[in-house]
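What follows is a short report on a single structure.
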Amino acid sequence: MVSIYDVDQVHGHPAFTPVVILRELVAKGKTVAPQLIRLTSETATAAFRFTDGDKAFMKIYVNPGSGSACVEAAMAELALPFERILVDYSEDGIVDPEFAKVNPRCQIPALILDDGECLTETLAILMHLADSHPQAGLAATPGTFERAKLNQWMSFVLSNIYEGELRKNYPQRYATGDPHYVEAAAEVFVINNYKILEGACSNGPYFFGNDLSILDIYLWMFINWFEEFEEITVVCPKIVRLAETVMNRPRIAPVHLFNFGDGLGWGSA
Ligand SMILES: N[C@@H](CCC(=O)N[C@@H](CS)C(=O)NCC(=O)O)C(=O)O
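Sequential numbering from 0 applies to the sequence shown in numbering that gives the first Met the number 0.
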């Protein structure tokens, strides 16, 4: 786990810039997303800290392109300053005793709030961010039918799309025998659930119509996880268009670049 903040504190030395740390990671053969390697020293510092003067900022445990992307995007859309703490991946996922102290499940994202409290699980984090900034209108008021529909589709996406993606990425965790069957079945499962989402999606620009919601930010992230981009464009053109609109929102665009590179889809990184 690499915390740019901690390194700054411990060494108090300008040589320990994010770029130097990234170079060290690459030299050690650690997995570093290509879009991070391309950063220059100025853009790297900016990339790691979405600061707002001296205001205290929250910290997000991240790995570019992973489940932390939706939390970054929500915070950027809400104009909340934050700092990224890079968590390293091994082939089997995250194996990091330091990070396990933050999230015993050893999964990204984890959000450290201003008061030091820690929140994990994308659904909980996104809903908390939206609810604690009601003026932005990312979530309908609790108790309304609109809110129940938002909850319905957020849970649908978490339990079907996210969990399906995890079975595609870590099939060995779901099988005692040949994990390839799990992966193949998960691919079909995810596509079938995207078809259901497409059927429920409005004609745009967003899932529920004219207004951006936290669900659109969640979906933007998952659409970017597709390598077979043409397939998903055919299966759910409305959701892909929605993701494109989210990607181009001025506050989210830099988060998109950091996590997914120039275009839409994993292949563009
Ligand atoms: N249910 C969790 C899932 C989080 C999750 O699976 N994160 C992935 C990154 S996309 C992860 O940390 N994988 C590493 C691992 O499981 O070892 C959530 O919604 O936050």
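Ideal placement from N, C-alpha and C gives every residue a C-beta, glycine not left out.
VAL61 is positioned such that its CB atom lies closer than 8 Å to that of ARG83.
Residue pairing by DSSP puts LYS58 in a beta bridge opposite GLU82 and ILE111. Per the CB criterion, closer than 5 Å to any heavy atom of ligand 1, the qualifying residues run in chain order as SER65, GLY66, GLY92, ILE93, GLN106, ILE107, GLU120 and THR121.
Under DSSP, GLY92 shares a beta bridge with SER89. Judged by DSSP secondary structure, CYS117 falls within the beta strand (DSSP E) whose first and last residues are 117-119. Counting other Cβ atoms within 10 Å of its Cβ, TYR193 reaches 16 or more and is therefore classed as buried. Each of LEU137, ILE107 and LEU118 was checked against the Cα of ALA78, and the nearest Cα belongs to LEU137. Taking one beta carbon from each stretch, the region 237-251 and the region 89-99 have fewer than 3 pairs nearer than 8 Å; the two do not touch. THR143 and THR175 have their C-alpha atoms spaced approximately 44 Å apart.
Contact between ALA139 and LEU149 holds, with the beta-carbon distance rounding to 6 Å and staying under 8 Å. Nearest neighbour of VAL233 by Cα position, chosen from ASN168, GLU197 and LEU218, turns out to be GLU197.
Put simply, of GLU227, VAL156 and PRO253 the residue whose alpha carbon is nearest the alpha carbon of ILE195 is VAL156. In this structure, PRO108 keeps its C-beta atom at 8 Å or more from the C-beta atom of GLY163. Contact annotation: ILE216 and ALA123 have beta-carbon atoms that are not nearer than 8 Å. Comparing C-alpha distances from GLY64 to each of ALA135, MET153 and GLU226 shows the shortest one belongs to GLU226. The shortest C-alpha to C-alpha distance from TRP224 to any of CYS117, ALA135, LEU263 and MET126 is the one to LEU263. Cβ-Cβ distances below 6 Å link ALA75 to ARG250, ILE251 and VAL254 in the same chain, with the five nearest sequence neighbours on each side left out; the list follows chain order. MET220 is the residue among PHE257, MET220 and LEU256 whose C-alpha sits nearest the C-alpha of VAL239.
Pairing THR121 with CYS105, the inter-Cα distance amounts to about 14 Å. Taking the C-beta atoms as reference points, LYS237 is found nearer than 8 Å to CYS200. Linking ILE111 to THR119 through their CA atoms gives a straight-line distance of about 9 Å.
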